[in-house]
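To start, the structure itself, in structure tokens.
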Amino acid sequence: MAAFVVKDLCQGCGVCAQACAYRAITIQAHLATVDPDKCRDCEECIFTCPNGAITLGTTA
Ligand code: SF4
Ligand code: SF4
Numbered sequence: 095m096a097a098f099v100v101k102d103l104c105q106g107c108g109v110c111a112q113a114c115a116y117r118a119i120t121i122q123a124h125l126a127t128v129d130p131d132k133c134r135d136c137e138e139c140i141f142t143c144p145n146g147a148i149t150l151g152t153t154a
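Residue numbers for the sequence shown follow our numbering, beginning at 95 and rising by one.
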């Protein structure tokens, strides 16, 4: 699994990218993007996102 960003909820604030200890999140075009190869499922970003835009799930 890997963290998954719900695009409609993400505001592109970048808080999650700073919180990720594995540098798995980047902001691209005002949208957080998780690199599933870097994500370690630590869930830090899920608790950090002020908009509840991140969840754990399988990537499509
Ligand atoms: S913290 Fe949430 S709203 Fe902000 S960029 Fe990350 S996913 Fe988007
Ligand atoms: S679950 Fe952890 S490792 Fe994965 S993107 Fe979120 S903060 Fe980074």
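Where is the CB? At the ideal position from N, CA and C, for every residue including glycine.
Please classify Ala126: does DSSP put it in a helix, a strand, or coil?
strand
Could you spell out the range, first to last residue, of the alpha helix (DSSP H) harbouring Val109?
Segment 109-113, the alpha helix (DSSP H) holding Val109.
Around the Cβ of Ala97, are there at least 16 other Cβ atoms within 10 angstroms (buried) or fewer (exposed)?
buried
Between Asp102 and Asp131, what straight-line distance do the alpha-carbon atoms span, to the nearest angstrom?
Computed Cα separation, rounded: 23 Å.
Going by C-alpha distance, which of Phe141, Asp129, Cys136, His124 is nearest Cys104?
When the alpha-carbon of Cys104 is set against those of Phe141, Asp129, Cys136, His124, the nearest one is in His124.
Would you check whether ligand 1 has a heavy atom nearer than 7 Å to the C-beta of Gly151?
no
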